[in-house]
Structure formats: structure tokens, C-alpha cells
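Shown next, in C-alpha cells, is the structure this report addresses.
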Amino acid sequence: MRLIRFLLLAAVLFSAAFVRAGKVEHVEGKLDNGLIYHIFNVPSADRRLTLRLQVQAGAADENDGEEGIAHITEHMVFQSSAAFPQGLSAHLNQQGWQLGRHYNAQTGYRFTRYLLSPPQGKRQLEEALAVYRQMLSPQNFSAADWQKEQQVILAEWRQQQTLANRLSRRHHALLHSGSRSGRYPPIGSREAIEQAQADTASRFHSKWYGSNNAVLVIVGDLNPKKAVTAVQEALGRLKPIDLPIRHAQEYEPQPAAKQIHHITDKDNTENKLSLVFRFDNAASQENSDAGLYQRLLDNFAAHIINTRLQAEGGTVSMKFGDLGKQTGSLGFYTDVPPSGHQEALAALHRLLESVKQQPASDSETAAYRKILHNHLSRQDVLPDDFHQTVQTADETVLAGKSVPSAALRAAERGQLYRINTQAVNRRISEWLNAADKLVMMQTAATPQNQPASEAPVQTQAAKLVPAKQQPSIHTLATPAQTAAKPQAAQHTAFAVHKGQGVAVSKSYDKDNAVTYLTLSNGDRISLLQHASAGGKIYFKAIADTGYLHGGANGWQAQLAADIANRSAPEGWSTHVFKQWQRQQGIVYRYRLDSDRQTVDAQVPATGLEKLLQLYRSRQAASVAAADWQSRLEAAAVRLPVYLQSVPGKQEQELEILRYGQTEPRPHDSTEIRALTPQDMQRQWRKLTSGNVNHYIVSSMPSEKIIPLLTQYLADIPRSPAENMNRPLLEGATLRRAPINDIDGTDVNAWSWQPFYDWTPDTSEQIPLLVNLANARLKDELRSRNQSTYSVKFAALPEPVYNRVESNLFFSTPPEQAAEAWETAQQILQRLPENITKAEADNLQQLFIEQEAKRQANPEIWLERLAASHRHYGDARYLSRLPQLHRTIIQTRLRQTAKLLWSTHNARVLLIDPARRPE
């Protein structure tokens, strides 16, 4: 779990931001036994109910001989007891609760949190409180239960041994060095798990699990007085305990003796640089008026620094947060080229020196104060929003902070006007001159049998500070200039495109408010007018030409697409382009698959022309950008490392399993380095040659949008392009590959089957049934001595190809892999025949709850518009939505469930531990 608190640098700072107006009643109190409770009455919650019980103890509270025991205790409270002889988890499962959906738990360094969302909602408040009563009652965990659960935790530990987790742990250990939180991850080491005893967990429970060391949160449409009475009756008889004394300094990072640290991993292919300042910020964490002032001052300082970074351009990002209850951190992060860390560090120091030389001005302080004042004057302190209220509770009371209230905002406004520019500049100086700082250089692994290159690469590092500014910091703009004109460079703006194309046909679907256009270049547009878009326009472009389409070189096409969509448009610098994109409010994402390309974008309605200019420039992008060679070099360095890594080997094995062969790849790094800009340009032109379907969701009248769409899209050059859909292999098979670098086996099973009778009903039922399948698999595989973990099942409807493709993944000990796989397949085979009426009703209610939220999400409408048009050629999917819940019944669900798994085409890869030399 990420335990660093990051402050936002815009307007949303101390209390949650909401959209809808309304009123939530918040009641807090403390029982005589010390248990603290917070009840949030949310009128719109309907039957929904969410509860949190947080025990204020975690991995940082473990002493010698207790490594990992907080997490083990979290697992053991779900096992057998006098009140639940068969086990609390088994009892909940029998009552229709699903692990992950209705109950779950988290262990961090400072807390252990138990999350409940009863399947029958607020009707089960007393049952949920009974679960918490059991968790806080004295425990004597059995050795037999621990012997079984130990295998589950070991499987969880194995699943965490990924590259991302390994690198994250190294960064975390350095950031928290010297504190209890910097010793090891909450799960502990494998050796600690193997040596742990049930009675150690019992002692940890008795030491920390007391009513006076717990916080309870309840969110729902509840009568607060009755809810308080229910809490008192269920938990009031619990006994408080004598809590151990914590020594505060043991929980705080200590100053670093060594400042520069190198981080690498055998599978790592990325080069990154981090510079983190650590300092005392205990005053900013006080729950007092003085603490409010300090937190506001922190945000002013962070805002100014971030403004300076944006004005300078480059690739540096910033994060500000807490590392302890008395320690704050300010970090600067950037990607660097191979062997470019030292130069990048020097450039970063120059950049921060330039920030220090540009103190905040009175006008900047006043402008930011106005932003905060407007936010703190808003009336929607706790609006009627169930999910947002749950999030607010997590971020405030469970994090030791105050719940947003009118009184708190008034106090914040009172402190706001005490802040002056001198104090802001003092705070910036304190941070950037902090003596305790860490430099973390993450370096890519060197391929086996290949010496590391010592040649410095300067291309990207120099971009941390514009080249013309490197010799002297005195050439930087003044603060007034920076605030007034943040280097947007008007002469680099996109030119207005006059447009030579036209719309050759137009039709309108009145029932669904969708306008269809066919353009003169063959592209098509589907435009949905919908209120959910608000003041934004949502845009999606799908081309059925991927990197395996006819005439393309697959790996070269992927490189070309990466360069074309990461580089700034021709004539722009990277930092000016990023700044322009931020100013326009454009969000732009590109994805390339083997069989399609997708652009997802959004922009304020007033910026549609700017978005279309960007899209058009990307379609015609020149990949001979200034940094194209450095990107090729990074790919050349990455290739051999990736192919030797466990993820790289797994990817190739899966390609053989599903398609019978691996995808084309370069033979070696030399082949990548030999590419020219002309090669890249040729591949990109092939990718952008095919026709595109464009989908737009907007609340604006279509006649205001269509002229711009036609102007910018109708004359983009297109030509017929043959796409290649890789056929999936038929037949069942099981392969074993000894390539894992841990002692567990990863089971990765795929299946597919043809399906032609697609309806909106089927498309919506499949995700619901996947939810049910996951619950069945987790219950059987995790709870019945199969020792599996990380069970994930997905079914991928592919109406365009008239098939359903499914994937099952889990981790298990090697000797149990084959048996566990057979058990899993039987669960999936039996699913259609044993869906109960109660489960069907539960899924229908789940759909209704989720659909209410989806109806307000314009991105969901965009996805549905595209799915309907790609399969049906019209928007019939949308017209069926109001009636879909009626189709979620037992008989229909049983029929659709047959699509989730095909035994005939079940293809299984068991990724076993690598064979070690004798």
C-alpha cells in the first residue's frame, strides 16, 4: 500500500471536492471502552452500506521475531473461533458474501483495515458489526488454521515478487531509511512467514486489537441515532487493553549518511533519477489552527515550485508528502537515457537552483490565495454522494485528519490571509536547502555477457533545463514574466486548417440523439448528444489497422508509433508542447494493438478545434523528431534485457500457446540501431493509411460541432488497408515452462469460442458473470486447501470477431498446479448449471447500482457508442439500456454463462520455477 500523502497542487487541497449538491450528516463519538466511531448518513445511498474498522497497528509496530505478523494476524482473524467454529470467512461465504467484493482487509505500516460491504446492504448492519465484534474479541489462533493459511500467505508473497514491487520496495526502504517502516514490506520475508507461529499472532492480537485502539466508519442511508445504538449494543461490551508505549522517533526516517544510491534489478529496463529532500514537518500535521496555517503554507510553496517547473519545461515531475508524523518529503523525478544519470543530476541541480533564484511574487501569492478562497467558500462540504463520502472517510478520519465541515473551512479561510509572500519563500528555501536529501539512480540491467556502456548520453538530460539557460541561471525569466506569459510561444501554435473534404452523407437517429456522417475520405463519424458530457467533449478514434496489418513490419511499426505519439509536433519543443496541452485542457491517449489503433481524448468544449488540430498533426506526424534517435537507443538497450527477463520469456511462451508462434521481433539491438527516420516514417504512414471511425460524446448541439469535424477530418489522406486478425489456435493443450524466478507456479489459462448472436444484454451480462466466477474461484481455490493466490478471471467479448476470449490466472505451489488447474476448470464448467436465484437477484441489483453510476459517466457512453456502432452499425445498444436490468434473471444468466469457458479450446501454460543447476 502507498502510505505517502500527496498534496494536490490545484484548488482541491484539504477537503474532498464534489460535484453534486446535497447534504450528508456526520456523527462522531467515542464509546466508554474507547472505540471511536464516525457515522455518515448519505440520503442517496439507498440500500448500500459500507463499513471500515481500522485497528491502529501495522507492520511498523512489529518487534524482533514478529516480522510479517501484523499481516498474518489480519488473515487469522478470519479463521475459526468459538463464535465461528468453521471460520469467519467460511461463515461469510455461506451467507452469500464474496471475498474482495463484500469483505476484504489491508495491512499497512501504521494500520490494519477491515472493509465490509454487506450483500444486502443496510439490512445487514448488525451482522457486519457482529463480524467486527469477533475481530476485536480475544483470540487464540489454532496451529492447524495457521498451517493452512500459511500456504495462502506464501502464495501471496510469491505473487508480490514482481519487478515493479522489487523496485518499489527499494525506493520505499531508502525513503524511510532509519524508521520502522523502512525495514521490510508489510508481508515480511519468506523466511519470516515460514518460521511464524500461530501463538505469535495471538500475542500480537492481544497487544494491539483493543476497542481503545480502533476506529469505526459506517456510511449509508441510516438513522444516525439508531446506528449509534447498534454500535453500542454490538461493540460496547468489548474491553479496552493496555497499549504498548510507542517511541515516536523509531517511526521517523533518520538523516541519510549516504546521499547517492544506485537501484537496479536483473529485469529492469528503465533509467530514472529521483532527488528527494526530507525535513521536519511536524507542525504541518497538527490538528490545530497552527497546523491549518502550516498546511496552507506548504501548499503555497508547493504550488510555486510546481509553477516554476512547468514554466521551465522539461520532464521533471514533483511530489510532496509525509513520510512519518514528523517528517515531510519533496521529491523530483525524471526519466534519463542510458548512462545519463550524472549529467541529468547536474541538470536537475541547475534547475532547482534556478527555482530558488525566482522567489514568489506578491501577485502570484495573491492569485493562488484567490483560488483557495473560492474553493474554501464552496457550500458543498459533504454533498449527497455515497462513493465520494466513503473516499472522504478514508482520506480523513482513517488518516487521522478532520472531516470537512463548514467550521473547518471557515478556520482555513481565517488562516489563509495570514500567509504572505515572505513566508512562502522561506518555506521554499527550507525545503530546497534541506541537508537530508537522497539521490536514487535507477539503472537498466546490463544483458548477460554484454559489458555496460560508459559513454554518456546527453540528449535527454540536457532537456531538464533548456539548453540556452544552462550556462547561467541569470538568463531565466523574471517572476512577473513567468506569471504573465508562461512560455506558451504563440508562434508555435497550430495553423488553422481550411479543409478540402466534405461530408458525403448524413443521417440522424432521433431516438438515441446520434448523428452519423460519412466523410469524403471514407472515414465515419458517430456523434452522440448527451447531457453527461457537461462542458467537455469526449473523442474516440478507432482504426482497424494494427501493427500486424498487411505490409507492415510489426516491431518497426510499434517503434514508429511510440516515437510519433511521444514526440512533440514538428516545430515544437517538448516542454512548450506539454505546456500548450495543459493550457488547452487536452487529455490525449494513443494505443496500438496488433489489430487496431485507438485514440481516446477529451477537451473543454471551447477547445475542440485545438484537439482536432492535435489529432490531425499526430496523423501526419514526422517521426524524424529531434529525439527519435535517443528513443531508438533506449529501445535497443531495453530489448536484450527484456527478452532475458521472466516477463519477456512469459510473453513469448504465451504467444506460442495462443498463436503457435511468437510475434516478429528484431534479432538484436544492432537491428534497431540500424533503423533510419525514413524507415520509421514509412511504417507510421502505413499505420495511418486505413480508414477511421470517430466517436464523439458532447452536450453541444451537433450543428455546432459538425463543421469543425468535417474541416479537420474529411481530407486526411486514406487508402484501403488490409488488416490481419491473428487466428487463435484450436484444441486443448497444457504446456509447462520452467522460467519462473520464484518457487511457485503461475497458471495462465486461455480459452475461446465462437459466438454470433450478440445482443446488448449479452454484453452487459458477461461482466456480471465474471464477477460471480471470480468469487467461486477464490472461494474454492483459496479456501479449500489449494494454496492459491492472485486468482483473476476475465472474459473478453469480441463482437467484431464473433468470439469470446477468456483468461484465468493464479499462483500455486508447483506440486499442486495441475490439480488446482483441474479444479478451476471444473468450477468454470459447472458455473452455468448452478447459478442460484439468489445469486441472479444479487447480480441484478449490482447491475442497477453500477448502471446508476455509469449513466453519469460520459466515457462509458463513448465506449458503448463505439461498441454498438462497430458491431451493429448503429446505436441500438443505447436504446436497450433502460430495459437491460430485466434480462438479468437466472435463466438468461445460465445461458450466457456458457460463453465464459470453452473446454474444447482450453490452452494452459504452467510457468514453473526455473531449473537450477545441480
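Under mature numbering (1 follows the signal peptide of the UniProt record, and there is no 0), the residues of the sequence shown are numbered -21 to -1, 1 to 897, in order. Glycine is no exception: its CB is placed at the ideal position from the N, C-alpha and C atoms.
Exercise. Curious, which full-length beta strand (DSSP E) runs of at least 3 residues does the stretch 11 to 96 contain?
Worked result: 15 to 20, 28 to 34, 82 to 86 and 91 to 95
Problem set entry | Candidates 784, 531, 697 and 796: closest to residue 723 by CA position | Taking residue 723 as reference, the option from 784, 531, 697 and 796 with the minimal CA-CA separation is 796.
Exercise. Which value, in whole angstroms, describes the spacing of the CA atoms of residue 254 and residue 417?
Worked result: 6 Å
Exercise. Quick check: the stretch 708 to 721 against the stretch 543 to 550, are there 3 or more CB pairs under 8 Å?
Worked result: no
For this session: Label residue 952 either buried or exposed according to how many other C-beta atoms from any shown protein chain fall within 10 Å of its C-beta, with 16 as the threshold for buried.
Result: Because residue 952 is not part of the residues shown, which for the chain are -21 to 897, the question remains open.
Exercise. Which of the three DSSP states, helix, strand or coil, is assigned to residue 851?
Worked result: helix
Exercise. Quick one: is residue 444 buried, meaning 16 or more other Cβ sit within 10 Å of its Cβ, or exposed?
Worked result: Low per-residue confidence applies at residue 444: pLDDT is 39, beneath 50, and the placement is therefore not dependable, though the value from the model is reported in the following sentence. Per the 10 Å Cβ criterion, buried.
For this session: Rounded to whole angstroms, what's the CA-CA distance from residue 386 to residue 377? Just pull it up for me.
Result: 20 Å
Exercise. Straight-line CA distance for residue 282 to residue 844?
Worked result: 39 Å
Problem set entry | Spatial neighbours of residue 38 in its chain, beta-carbon cut-off 6 Å, leaving aside the 5 residues before and after | 49, 88 and 165
For this session: Could you tell me if the beta carbon of residue 61 falls within a distance shorter than 8 Å of some heavy atom in the ligand ADP?
Result: Questions concerning the ligand ADP fall outside what the structure shown contains, since it holds no ligand whatsoever.
Problem set entry | DSSP bridge partner residues for residue 570 (one or two, in chain order) | Paired residue(s): 577.
For this session: Would you mind sorting residue 487 into buried or exposed? The rule is 16 or more other CB atoms within 10 Å of its CB.
Result: exposed
Exercise. With distances taken between CB atoms, is the gap from residue 883 to residue 732 smaller than 9 Å?
Worked result: yes
Exercise. For residue 488, which of helix, strand or coil comes out of DSSP?
Worked result: strand
For this session: Please name the residue, chosen from 748, 649 and 600, that lies closest to residue 612 on a Cα-to-Cα basis.
Result: Comparing Cα positions, the closest option is 649.
For this session: With residue 788 as the anchor, note down where its beta strand (DSSP E) starts and where it stops.
Result: Membership of residue 788 in the beta strand (DSSP E) is indicated by the continuous run 782 to 791.
For this session: Give every residue of the same chain whose Cβ lies closer than 6 Å to the Cβ of residue 669, excluding the five residues on either side of it in the sequence, and list them in chain order.
Result: 522, 524 and 700
For this session: Note down, in chain order, each residue of its chain lying with its Cβ closer than 6 Å to the Cβ of residue -1, except the 5 sequence neighbours on either side.
Result: Residue confidence is low: residue -1 scores 37 on pLDDT, short of 50, so the model does not pin down where it sits. No coordinate-derived value is stated.
Problem set entry | Cβ separation of residue 206 and residue 220, assumed to be a contact under 8 Å, to the nearest whole Å | Contact doesn't hold; Cβ gap of about 25 Å is too wide.
Problem set entry | Where the alpha helix (DSSP H) containing residue 533 begins and where it ends | 533 to 545
Problem set entry | Alpha-carbon spacing of residue 865 relative to residue 491, whole angstroms | 20 Å
Exercise. Who are the Cβ neighbours of residue 592 in its own chain at under 6 Å, not counting the five residues just before and after it?
Worked result: 473
For this session: For residue 689, count neighbouring C-beta atoms within 10 Å of its own C-beta (all shown protein chains included) and say buried if the count is 16 or more, exposed if not.
Result: buried
Exercise. Should the stretch 133 to 146 be called in touch with the stretch 199 to 218, which here means at least 3 C-beta pairs below 8 Å?
Worked result: no
Problem set entry | According to DSSP, residues forming a beta bridge with residue 731 | Paired residues: 784.
Problem set entry | Which listed residue (832, 410 and 160) has its alpha carbon closest to that of residue 230 | 160
Exercise. If you drop the 5 nearest sequence neighbours on each side, which residues of the same chain put their C-beta closer than 7 Å to that of residue 4?
Worked result: 20 and 203
For this session: Can you check DSSP and say which residues form a bridge with residue 257?
Result: 308 and 415
Problem set entry | beta strand (DSSP E) segment containing residue 193, residue limits | 193 to 199
Problem set entry | Endpoints, the alpha helix (DSSP H) within which residue 387 is located | Element bounds for residue 387: 385 to 395.
For this session: Note down the Cα distance separating residue 263 from residue 269, rounded to an integer number of angstroms.
Result: 8 Å
Exercise. If you pair each beta-carbon of the stretch 82 to 96 with each one of the stretch 14 to 34, do three or more pairs fall below 8 Å?
Worked result: yes
Exercise. Per the contact definition of three or more C-beta pairs closer than 8 Å, is the stretch 737 to 748 in contact with the stretch 810 to 828?
Worked result: yes
Exercise. Taking Cβ to Cβ, would you say residue 579 is nearer than 9 Å to residue 519?
Worked result: yes
Problem set entry | Every unbroken alpha helix (DSSP H) within the stretch 806 to 842, with a cutoff of 4 residues, ordered by chain | Whole alpha helix (DSSP H) segments, 4+ residues: 816 to 833.
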